[in-house]
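Residue numbers (my numbering): 25 to 471.
Okay, so here's the structure we're looking at.
Structure representation (structure tokens):
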């Protein structure tokens with residue numbers, strides 16, 4: 025906690041100094057005294073206004089320092105953050121606060137924006153210089169080099185070893201935060217273990233499955249995001265909390281090994297929950313990784329190729345029927361993306377008729393998208409239904425085979441493609457920790 029407080033204080037002080045210097049630089053550049061930052065009159069050298077402007081610049085800089093902190097991966101990120109910060113302040117200051125002080129309402133119009141354009145230029149320049157100044161001051165303070173060496177290169181034995189298992193949003197965010205807090209503590213070793221070497225934006229996997237996006241558009245290398253964290257690409261087989269070891273399985277070509285830790289962060293996320301339904305795990309596609317998305321896309325294209333030359337009408341209907349289980353965000357977006365994919369390439373397959381294509385979403389609830397309000401969910405249902413997507417609400421999948429899906433209402437859907445997005449469960453590795461498990465097999469945590 026003391027390290028965290030000290031780090032925040034350093035960032036606030038450095039931000040205040042950077043903001044003050046940026047305000048003076050911008051004011052001198054514009055030959056109009058200190059920058060008004062969209063709130064106070066820009067061309068003024070009155071002592072009171074001068075003090076107010078400089079104080080405001082220092083306060084805004086301190087806030088910037090605390091919010092953005094030190095970007096260890098370069099100047100560009102700090103400057104980019106400063107530009108965004110300057111733009112936000114222009115909207116808040118010039119278009120909102122200043123008009124309110126003048127007895128007007130917020131002036132969010134094209135005319136008002138055009139009139140306040142000089143202030144926008146000043147605020148953007150202020151933000152960029154503040155970001156650059158903050159980076160330089162913190163880099164000098166921490167003694168960083170342009171390309172910091174990873175912690176793994178140190179030959180000293182660490183006094184504390186922190187192991188993070190899981191390379192998703194939670195694991196990478198935790199590692200980033202720990203890098204910032206302990207950037208000046210070389211005796212603290214941070215290691216992140218993940219089965220993949222990239223951070224994946226999973227909400228957009230459906231777009232990869234439909235070829236609307238490429239895989240690299242929603243993924244970024246973990247090593248590039250965490251320059252001071254040791255990275256191990258491996259599966260976590262089990263965790264021995266008593267001995268404080270994580271058992272790793274790097275690959276079939278490498279032997280299993282144990283990774284010791286002093287502090288452990290669990291960020292393994294969830295895995296599909298097939299609910300013990302007969303045939304689902306063996307015959308369904310999931311959508312958790314880039315490999316899953318690629319496999320689903322390849323499956324769809326392969327079936328279109330087969331159906332284009334298939335003489336049997338019944339078999340062709342099976343090949344051209346696509347079933348998605350689960351009506352949440354993942355399932356609804358997946359069925360829509362599959363629809364778009366098939367419709368966009370159908371003209372390449374002259375043997376296929378539009379009426380032969382079938383897209384079905386099965387959901388046990390009484391409406392899709394339970395995460396949002398009923399009116400918006402109903403709107404989405406109407407739009408997707410109008411496009412030709414079928415919805416089987418209030419029904420559950422009871423059995424799945426390679427060529428059909430059986431529902432609880434007695435319906436059988438002939439299909440060779442089932443996508444399962446109907447449930448998740450905690451990664452089973454957490455059970456090996458030995459902690460008391462709560463509902464669904466998760467470890468209970470504090471709020």
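Beta carbons are placed, not taken as given, at the ideal position from N, Cα and C, and that holds for glycine.
Fair warning: this is a prediction, and the values are worked out from it, not measured in the lab.
In the three-state scheme derived from DSSP, where H, G and I count as helix and E and B as strand, residue 453 is classed as helix. The region 446-459 makes contact with the region 252-265, as at least three CB pairs between them are under 8 Å. Counting only runs of 3+ residues, the beta strand (DSSP E) found wholly inside the region 409-439 occupies 414-417, 421-424, 428-431 and 436-438, in chain order. Here the region 373-386 makes contact with the region 333-352; the two share three or more CB pairs at distances below 8 Å. In this structure, DSSP gives residue 275 an extended state, which the three-state scheme calls strand. The beta carbons of residue 311 and residue 425 sit no closer together than 9 Å. Between the alpha carbons of residue 286 and residue 467 lies a distance of about 19 Å.
At the C-beta level, residue 79 and residue 114 stay beyond 9 Å of one another.
Between the C-alpha atoms of residue 111 and residue 396 there is a straight-line separation of about 31 Å. One Cα belongs to residue 352, the other to residue 407, and the distance between them is close to 16 Å. If you draw a 10 Å sphere on the C-beta of residue 248, you find fewer than 16 other C-beta atoms in it, and that means exposed.
By the neighbour-count criterion, in which 16 or more other beta carbons inside 10 Å mark a residue as buried, residue 77 falls on the buried side. Each residue's CA atom was taken as its position, placing residue 83 and residue 105 some 17 Å apart. The continuous stretches of alpha helix (DSSP H) do not include residue 255, which lies in the beta strand (DSSP E) extending over residues 254-257. Residue 443 holds the alpha-carbon nearest to the alpha-carbon of residue 428 among 278, 443 and 356. By the C-beta criterion, the region 199-218 is judged not to be in contact with the region 313-324, since fewer than 3 inter-stretch pairs fall below 8 Å. Taking a C-beta distance under 9 Å as the contact criterion, residue 440 and residue 301 do not qualify as a contact pair.
Residue 221 carries a coil assignment under DSSP once its states are collapsed to helix, strand and coil. Nearest to residue 293 by alpha-carbon distance, out of 465, 109, 91 and 34, is 465. With contacts defined by Cβ atoms closer than 9 Å, residue 192 and residue 237 do not form a contacting pair. In the three-state reduction of the DSSP assignment, residue 298 falls in the coil class. When the alpha-carbon of residue 160 is set against those of 392, 342 and 102, the nearest one is in 102. Listed as beta-bridge partners of residue 188 by DSSP are 216 and 289.
Shown here, residue 232 sits in a helix according to DSSP, grouped into three states. Apart from sequence neighbours up to five positions away, the residues of its chain that approach residue 375 with a beta-carbon distance below 6 Å are 332, ordered along the chain. If you draw a straight line from the Cα of residue 470 to the Cα of residue 306, it comes to about 37 Å. Rounded to whole angstroms, the Cβ separation of residue 189 and residue 246 is 13 Å, and the two are not in contact under 8 Å. DSSP, reduced to helix, strand and coil, places residue 183 outside both helices and strands of the structure shown, so it counts as coil. Beta-bridge pairing by DSSP links residue 346 to 383 and 441. Assignment of residue 331 by DSSP, reduced to helix, strand and coil, places it in the helix class. Here DSSP, grouped into helix, strand and coil, assigns residue 284 to strand.
Around the C-beta of residue 399, fewer than 16 other C-beta atoms lie within 10 Å, and the residue is accordingly described as exposed. For a cut-off of 8 Å, the C-beta gap from residue 274 to residue 258 is around 4 Å, short enough to register as a contact.
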